[in-house]
Amino acid sequence: MVTSENTQNNPQTPLSTLFGLIKRVRDDSLLRNSLFIMLTSGIGSATGYLYWVIAARTYSASDVGLVSAIISAMTLTSILSILGFGSTIVQNLPHRAAGRDWSATVNTALVAASVTSLLGGVVAVTILISSPQFGTMANNTAYLAAFLFSIPLWTASTLVDAVFTAERVTGNMLVRNLIFSILKIVLLVALIPFHIGGLGIFLSWIISAAVGVGIAFVLIRRLGRSYRFTLRGVWQQLRGINTSLIGHHFINISGAAPMYMLPLFVTVRLSAANNAYFA
């Protein structure tokens, strides 16, 4: 009876429901960060769709298919080379004291994963240029250099997002991805007059990712964790977290790798143009 009277005295209007939801999002860290992660995925998917629609209408099918396969190869190589550091950051960083320990955890992941990503890039290039379908890439030094640079860069973008997730400030992750998503579309259109083919598509992706990572490091320094980039303590941190890396690594590979392998199979077995229609 009391419940019925309270409901009649305090009717729920759409506006009051909206304000209540906003208050919950503001006060509940888990709900707020989950919402930001969902927004990041949604905006990334929507802008990614728009990006490839523009690319398909302004570049040849072979260029679009080749770059789509190259980006898949870049992402796959990064996943294979990151060695579970992203998930390990999420697991361990909240328990680190601000300053030296916190910085050492972040720097260990960045340095170690960047080295393995660069080595992975060399292996990936060797495999790709052995296929006739990637002949354009094999005969273009700029393509090769951009690809080798892109893998540590993509790894770094994954790791800075892991830092924001660990610190429960995924709004910063949304900002980084929003900058990347919008800028790559702008650059895609801006590079059309230069007539550099598929390299223009790839450069729009890589330059935008680099700008996004640069913004992310500015945001990391504003977290109040006294972050400094230093190699001090990296080896000790690496020895302390190596047992957790293996499990995270295989979980990440099994979950993401198949999605990025398929465009490569289509390109190698058929052609870059066929991959453009597949993608």
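Residue numbers for the sequence shown follow numbering that gives the first Met the number 0, beginning at 0 and rising by one.
Don't be surprised by glycine CBs; every beta carbon is placed ideally from N, CA and C.
Because the structure is a prediction, the values reported are computed rather than measured.
- With respect to Asn251, Val265 sits apart: the two C-beta atoms are not nearer than 8 Å.
- The criterion of a C-beta distance shorter than 8 Å is satisfied by Ser80 and Gly119.
- The way I'd put it, the region 80–100 does touch the region 160–167; three or more beta-carbon pairs between them come closer than 8 Å.
- Here Val159 is actually not in contact with Leu143; their C-beta atoms are around 26 Å apart, not less than 8 Å.
- Each residue's CA atom was taken as its position, placing Met260 and Arg31 some 33 Å apart.
- The region 104–114 makes no contact with the region 33–53: fewer than 3 CB pairs, one atom from each, lie closer than 8 Å.
- Under a 10 Å Cβ-count criterion, Val52 is classified as exposed, with fewer than 16 other Cβ atoms of the shown protein chains found around its own Cβ.
- Ala45 and Ala272 have their C-alpha atoms some 23 Å from each other.
- Membership of Asp100 in the alpha helix (DSSP H) is indicated by the continuous run Arg99 to Leu127.
- For Val210 and Gly223, the gap between their C-alpha atoms comes out near 22 Å.
- Judged by pairs of C-beta atoms under 8 Å, the region 58–72 touches the region 193–205, as three or more such pairs exist.
- Using a C-beta cut-off of 8 Å, the region 213–233 makes contact with the region 174–181, since at least three inter-stretch Cβ pairs fall below that distance.
- In this structure, Tyr276 lies away from Ala72, with their beta-carbon atoms at least 8 Å apart.
- Only residues of its own chain outside the window of five on either side were considered, and among them Ser77, Ser80, Ile81, Ala112, Ser113 and Ser116 have a CB closer than 7 Å to the CB of Thr154, listed in chain order.
- When the beta-carbon positions are compared, Ser130 and Val267 come within less than 8 Å of each other.
- For the pair Leu237 and Thr74, the Cα-to-Cα distance works out to about 24 Å.
- The residues Asp62, in chain order, have a CB closer than 6 Å to that of Gly196 in the same chain once the five nearest residues on each side in sequence are set aside.
- Cα atoms of Ile191 and Thr140: separation of roughly 20 Å, rounded to the nearest angstrom.
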